[in-house]
Amino acid sequence: MMIRFILIVVLAVAVLSFPSSRSCAQVVLNEIMADPARDWSPTDGNNEYHSMQDEWVEIVNAGLSPVDITGWRLRDAVSDSSWRYEFAGVIQPGHLLVVYGNESYDWEDQSGHPRQGLSLNNSGDTVTLVEGDLSTVADQVIYSSAEVLDDRSYGRLPDGGPDWVVYDHLNPLDPPATDLPPTPGAPNVASPVEPVNWSSIKALFR
Ligand SMILES: [Ca+2]
Ligand SMILES: [Ca+2]
Ligand SMILES: [Ca+2]
Numbered sequence: 000m001m002i003r004f005i006l007i008v009v010l011a012v013a014v015l016s017f018p019s020s021r022s023c024a025q026v027v028l029n030e031i032m033a034d035p036a037r038d039w040s041p042t043d044g045n046n047e048y049h050s051m052q053d054e055w056v057e058i059v060n061a062g063l064s065p066v067d068i069t070g071w072r073l074r075d076a077v078s079d080s081s082w083r084y085e086f087a088g089v090i091q092p093g094h095l096l097v098v099y100g101n102e103s104y105d106w107e108d109q110s111g112h113p114r115q116g117l118s119l120n121n122s123g124d125t126v127t128l129v130e131g132d133l134s135t136v137a138d139q140v141i142y143s144s145a146e147v148l149d150d151r152s153y154g155r156l157p158d159g160g161p162d163w164v165v166y167d168h169l170n171p172l173d174p175p176a177t178d179l180p181p182t183p184g185a186p187n188v189a190s191p192v193e194p195v196n197w198s199s200i201k202a203l204f205r
């Protein structure tokens, strides 16, 4: 009895610990900034706004096990067979990854692909996440111009969930869609957590 229990525990740990070669749709597109109006990228090193370098795409592992996404790629319009970025490494459960436009340029330069950045059209586009076999579509989302205009991001709420919303705090729709801010590299949440400060902690003990 005890041996069977130990075997089950060992098996469960093994399943949860090793990167899955199959996605089971657990790694998905999570948030997109197609029409940036400010310096979003912390990796372009220019402290300047650039309409292409400051675009970004966020993905999330919404599953319960790590996934090796080495060789997974991004592309924009469906009919376009040219690639914009290739991932490498393992993404842990619950973790987010962001690709900025300048990182896309870097990958295109290094891999000999046409230099187009992420190439997310402001007038609407389709973003596709493709697995390493370059044919299995892990996820795909279509957005319209109004959903991304000038610093609006389009993303799932919550992370990995079925619903897509407009994060329009920086450029509100009329009426506002969510009044939530875009969150590259941070969770998509309904109400941003209030930053904890020292005086609020001290107030608890008064
Ligand atoms: Ca764009
Ligand atoms: Ca920039
Ligand atoms: Ca986010």
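Residues 0 to 205, numbered by this note's numbering, are exactly what the sequence shown covers, in order.
The C-beta atom is built at its ideal place from N, Cα and C for all residues, glycine as well.
Query raised in the report: In whole angstroms, what is the alpha-carbon distance linking T69 and Y84?
Result: Straight-line Cα distance between these residues: approximately 11 Å.
task: Have a look at the DSSP bridge pairing and note the partners of M51.
output: Note: M51 sits in no beta bridge, so no partner.
Requested in this report: Consider the C-beta atom of S40 and the heavy atoms of ligand 2; say whether any pair is separated by less than 7 Å.
Outcome: Flag set: Cβ of S40 near ligand 2.
*Based on the DSSP secondary-structure assignment, which residues constitute the bridge partners of V140?*
For V140, which the question treats as bridged, DSSP gives the partners V126.
- Item | Cα-Cα separation between Y153 and N29, rounded to whole angstroms | If you take the alpha carbons of Y153 and N29, they lie about 8 Å apart.
Name, in chain order, the residues that DSSP records as bridge partners for V97.
-> According to DSSP, which records beta bridges pairwise, V97 is partnered with E57.
Any heavy atom of ligand 2 closer than 7 Å to the CB of D43?
-> Distance from the C-beta of D43 to the nearest heavy atom of ligand 2 is below 7 Å.
If we call anything under 8 Å between Cβ atoms a contact, is N101 one with D43? The answer is yes: Cβ separation under 8 Å.
Range covered by the beta strand (DSSP E) that runs through W163:
It spans 163 to 166 - the beta strand (DSSP E) in which W163 sits, taken as one unbroken run.
- Task: Would you tell me roughly how many angstroms separate the C-alpha atoms of P171 and R151, rounded to the nearest one?
- Result: Here the alpha carbons of R151 and P171 stand approximately 8 Å from one another.
(message) Among L148, Q139, A87, whose alpha-carbon lies nearest the alpha-carbon of R74?
(response) Taking the Cα of R74 as reference, the smallest distance to any Cα among L148, Q139, A87 is reached at Q139.
On a CA-only basis, which of S143, I90, W106 is nearest A61? Give me that one, please.
Of S143, I90, W106, the residue nearest in Cα terms is I90.
Measuring alpha carbon to alpha carbon, tell me which residue in A185, V164, G88, E57 is nearest D178. The residue among A185, V164, G88, E57 with its C-alpha nearest the C-alpha of D178 is V164.
What's the C-alpha gap between D173 and Q109?
Distance between the alpha carbons of D173 and Q109: 43 Å.
> With 16 as the cutoff for other CB atoms within 10 Å, does Y48 come out buried or exposed?
Replying inline: In summary, Y48 is exposed, with fewer than 16 beta-carbon neighbours lying within 10 Å of its beta-carbon over all protein chains present.
According to DSSP, is D38 part of a helix, a strand, or is it coil?
D38 carries a coil assignment under DSSP once its states are collapsed to helix, strand and coil.
Practice item. Under 8 Å Cβ to Cβ from N120, same chain only, skipping five residues before and after it: list those, please. Key: Result list for N120: A33, D75, A76, in chain order.
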